[in-house]
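Chains H, E and W are the protein sequences, given in the same order.
Using numbering that gives the first Met the number 0, the final residue of the first sequence is 110, and nothing's skipped along the way.
Using numbering that gives the first Met the number 0, the final residue of the second sequence is 113, and nothing's skipped along the way.
Using numbering that gives the first Met the number 0, the final residue of the third sequence is 235, and nothing's skipped along the way.
Glycine included, every Cβ here is placed at the ideal spot set by N, Cα and C.
Note that this is a predicted model, so its numbers are computed, not measured.
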Amino acid sequence: MILVFPAIAILISMGIYAVLTQKNMIRIIIGISIVESAIILLLGAISYIPDGVAPILDQPYDTVVDPLPQALGLTAVVINASTTAIMLALVIKLYNRYQTLDIHEIRKLRG
Amino acid sequence: MIIQDILAGFLMISGVIFFLTTAIALLRFPDFFSRMHAASKCLVGGGISIIFGLIIQEGISPLSLRLLLLIIFLLITTPVVGHALTRSAYQYGYLGEMVQDDMKDMKTGNDSND
Amino acid sequence: MKKINFDKVFSFILVSLLGLFIMKVLYSVAGEEAARFTADHYISYGVDETGAINIITAILFDYRAFDTLGEATVIFTAASVVALLLPRHEASMLKTEFTPVVQQSIAFILPFLWIISIFLISYGHLSPGGGFSGGVIISAMSILIIFTYGYRYMTRRFNVKKLSLIEDIGALAFLTIGLAGIIAGGTFLANSQVGIYPGPPGELLSGGLMPLSNFAVAAKVGTGLSVIFLSLARED
Chain H
0 MILVFPAIAI
10 LISMGIYAVL
20 TQKNMIRIII
30 GISIVESAII
40 LLLGAISYIP
50 DGVAPILDQP
60 YDTVVDPLPQ
70 ALGLTAVVIN
80 ASTTAIMLAL
90 VIKLYNRYQT
100 LDIHEIRKLR
110 G
Chain E
0 MIIQDILAGF
10 LMISGVIFFL
20 TTAIALLRFP
30 DFFSRMHAAS
40 KCLVGGGISI
50 IFGLIIQEGI
60 SPLSLRLLLL
70 IIFLLITTPV
80 VGHALTRSAY
90 QYGYLGEMVQ
100 DDMKDMKTGN
110 DSND
Chain W
0 MKKINFDKVF
10 SFILVSLLGL
20 FIMKVLYSVA
30 GEEAARFTAD
40 HYISYGVDET
50 GAINIITAIL
60 FDYRAFDTLG
70 EATVIFTAAS
80 VVALLLPRHE
90 ASMLKTEFTP
100 VVQQSIAFIL
110 PFLWIISIFL
120 ISYGHLSPGG
130 GFSGGVIISA
140 MSILIIFTYG
150 YRYMTRRFNV
160 KKLSLIEDIG
170 ALAFLTIGLA
180 GIIAGGTFLA
190 NSQVGIYPGP
200 PGELLSGGLM
210 PLSNFAVAAK
220 VGTGLSVIFL
230 SLARED
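Here it is, written out as structure tokens:
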């Protein structure tokens, strides 16, 4: 529980660092995906309580983890897939137009 | 009971060591094929020994039957994944430095029925 | 001597500060006793109110079904955008011809994937799973078929039009299930609040309209992601 929070912070920072410094568009998409994965990890971590079982109540349990962030995590996964697909489609379109994946070169070509 | 725990722990730790060596190999190896060589060992060795550890800890139950099925599917799919990835990498030309190229003759010819 | 890239150094400092800030916020949030009354309500009364054992499915398709409708709309929008953006040329996707080893083993795997997806969908209110997970496995099947047997083999059986038709049918089925709540005298997508019989908890036919909505969402998600991948896979 305590160690998860630095991992989440490091993952988010890594993803944003990749977005800021990389030139290849595919690598930028990978950075955004890392941030999204870190947010799903965060949703899992804040729903956790010690000794909690998964919220499938086939018999009455004493301590159950919070089911609401897990439902939100499902939403997040779906939206991640959709945004990644749209980003990849835009990259394919840009590559067909400019024949390069480097964003600096694309910016230069636009003038 | 203690023997069960020790055996399960040993298998799980060996699986984790498999994964660790694979991660180091992916970072350290020079070209695609040697990395692929290490990565296809990862699931077969590491995953299966971790699942075996879980089965031993669980005992005989419906859950361990499902884990056994998981092992069977891992054994079927993982070599196929390695085969397909290396083959398509070869045909796309990620060759690197090679000592010997056994597939040079098959590269241009029709090799769909070998 | 190597030249220092000031952009990278500046980004690194900025990102480290951001990481420290996020960590501080997370620790201060975790230190407090978080308000768990919604969770307590779901856990204490969820099974009695909705008839579903899996509380996450109960949240997704009963308490917050309207959110799920929006979520399904996101996939629909993404599929439409991807299909709009990418060119409509049909061509073989890969230069690689896979060997019979790959084709036979994929043919061996596919029926098991179909069984597990149907299991996940129809037992979504009883065990881990649900419409979204089952739909994702269905779309994984279509991805495997495209990769192994080629784009043409897939489009001969299921082209984008047919898949979009199934997706529309799924969306319309979900909306129709939502109308049942209004007909029974409640709000849109109301399920158990308006007295639709939830059934005995733990049985396959329980949870009111939840299995039906699971199937509708699974059809929508599976075909939507398949359409996205089919559009991404074609190249000119």
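Item checked: Status (buried if at least 16 other CB within 10 Å, exposed otherwise) for K107 (chain H) -> Start at 1 with the first residue of the first sequence, and residue 107 (chain H) comes out as number 108. Exposed, since its Cβ has fewer than 16 Cβ neighbours within 10 Å.
Item checked: Neighbouring residues, chain H, relative to L127 (chain W) (Cβ below 8 Å) -> Taking the third sequence and counting its residues from 1, the one referred to as residue 127 (chain W) is at position 128. What sits at residue 127 (chain W) in the sequence shown is Pro, not Leu. Within chain H, the residues near P127 (chain W) are A53 and I55.
Next item on the list: Kindly indicate if chain W contains any beta-carbon less than 7 Å away from that of K22 (chain H).
Entry: The residue given as residue 22 (chain H) occupies position 23 in the first sequence. Not an interface residue.
Note to self: If you measure between the beta carbons of I21 (chain W) and I78 (chain H), is that distance less than 7 Å?
What the structure shows: Your numbering for residue 21 (chain W) matches position 22 in the third sequence. Your numbering for residue 78 (chain H) matches position 79 in the first sequence. No. Outside cutoff.
Notebook entry, point to check: When you check each C-beta in the segment 104-119 of chain W against every C-beta of chain H, which residues fall closer than 7 Å?
Noted result: none
Next item on the list: Would you list the residues sitting across from N53 (chain W) in a DSSP beta bridge?
Entry: Along the third sequence, read from residue 1 onward, the residue named residue 53 (chain W) stands at position 54. BP columns for N53 (chain W) point to H:I55.
Next item on the list: Entirely within the segment 136-173 of chain W and at least 4 residues each: give me those alpha helix (DSSP H) ranges in chain order.
Entry: 150-156
Check: What does D66 (chain W) reach in chain H if we use C-beta pairs closer than 9 Å?
Finding: Reading the third sequence from its first residue, position 67 is the one you call residue 66 (chain W). Chain H residues near D66 (chain W): A70, L71 and T74.
Checklist line | For D101 (chain H) and I121 (chain E), the rounded distance between their alpha carbons | finding: Residue 121 (chain E) lies beyond the range of chain E shown here (0 to 113); nothing can be said about it.
Checklist line | Beta-carbon separation (whole angstroms), P127 (chain W) vs N53 (chain W), contact threshold 8 Å | finding: The residue given as residue 127 (chain W) occupies position 128 in the third sequence. The residue given as residue 53 (chain W) occupies position 54 in the third sequence. That pair is a contact at about 7 Å.
Next item on the list: Determine the burial state of V24 (chain W): buried for a count of at least 16 other Cβ atoms within 10 Å of its Cβ, exposed for fewer.
Entry: Along the third sequence, one-based indexing puts residue 24 (chain W) at 25. Per the 10 Å Cβ criterion, exposed.
Notebook entry, point to check: Between the Cα of M153 (chain W) and the Cα atoms of W:L13, W:A77 and W:F228, which residue gives the shortest distance?
Noted result: Here residue 153 (chain W) is taken as the residue at index 154 of the third sequence, counted from 1. Nearest option by C-alpha distance: W:F228.
Margin query: Tell me which residues of the segment 59-75 of chain E have at least one Cβ-Cβ distance to chain W shorter than 8 Å, keeping chain order.
Written below: F72 and I75
Notebook entry, point to check: Name the chain H residues whose beta carbon is nearer than 8 Å to that of S15 (chain W)?
Noted result: For the purposes of this step, residue 15 (chain W) is taken as residue 16 along the third sequence, with counting starting at 1. Here the neighbours are S12.
Checklist line | Proximity below 7 Å, CB of I49 (chain E) to CB of M11 (chain E) | finding: As a first step, residue 49 (chain E) must be located in the second sequence, where it is residue number 50. As a first step, residue 11 (chain E) must be located in the second sequence, where it is residue number 12. Cβ atoms of I49 (chain E) and M11 (chain E): closer than 7 Å.
Next item on the list: Taking V46 (chain W) as the reference, give the member of W:V226, W:Y62 and W:R35 with the closest Cα.
Entry: If you number the third sequence from 1, residue 46 (chain W) lands on position 47. For V46 (chain W), the nearest C-alpha among the options comes from W:Y62.
Checklist line | Test: V43 (chain E) CB closer than 7 Å to a CB of chain W | finding: Residue mapping note: residue 43 (chain E) aligns to position 44 of the second sequence, counting from 1. With 7 Å as the cut-off, V43 (chain E) does not count as an interface residue toward chain W.
Notebook entry, point to check: Count the other CB atoms within 10 Å of the CB of D30 (chain E); is the residue buried (16 or more) or exposed (fewer)?
Noted result: Position 31 of the second sequence, counted from the first residue, corresponds to residue 30 (chain E). Looking at its Cβ environment, which holds fewer than 16 other Cβ atoms inside 10 Å, D30 (chain E) is exposed.
Checklist line | N95 (chain H), DSSP secondary structure in three states | finding: By 1-based counting over the first sequence, the position of residue 95 (chain H) is 96. Of the three classes helix, strand and coil, the one that applies to N95 (chain H) here is helix, per DSSP.
Note to self: I need the boundaries of the alpha helix (DSSP H) containing K22 (chain H), first residue and last residue.
What the structure shows: Indexing the first sequence from 1 puts residue 22 (chain H) at position 23. That residue, K22 (chain H), is in no alpha helix (DSSP H); it is neither H nor E in DSSP.
Notebook entry, point to check: So is D61 (chain H) buried or exposed if we call it buried at 16+ other beta carbons inside 10 Å?
Noted result: If you number the first sequence from 1, residue 61 (chain H) lands on position 62. The residue is exposed, with fewer than 16 neighbouring Cβ atoms inside 10 Å.
Notebook entry, point to check: Alpha carbon to alpha carbon, how far is L204 (chain W) from D65 (chain H)?
Noted result: Mapped onto the third sequence, residue 204 (chain W) falls at position 205. Mapped onto the first sequence, residue 65 (chain H) falls at position 66. Cα-Cα distance, rounded: 26 Å.
Margin query: So that I know if they touch, is there some Cβ in chain W lying closer than 7 Å to that of A83 (chain E)?
Written below: Position 84 of the second sequence, counted from the start, is the residue given in the question as residue 83 (chain E). Chain W, which has a Cβ nearer than 7 Å to the Cβ of A83 (chain E), makes this yes.
Check: Mind listing which residues of the segment 77-97 of chain H have their C-beta closer than 8 Å to chain W's C-betas, in chain order?
Finding: V77, I78, A80, S81, T82, A84, I85, L87, A88, L89, I91, K92 and N95
Next item on the list: Check the Cβ-Cβ distances between D101 (chain H) and every residue of chain W, and say whether any is below 7 Å.
Entry: By 1-based counting over the first sequence, the position of residue 101 (chain H) is 102. Output row for D101 (chain H): interface = no.
Notebook entry, point to check: Any beta-carbon of chain H closer than 7 Å to the one on V46 (chain W)?
Noted result: For the purposes of this step, residue 46 (chain W) is taken as the residue at position 47 of the third sequence. By this cut-off, V46 (chain W) is an interface position.
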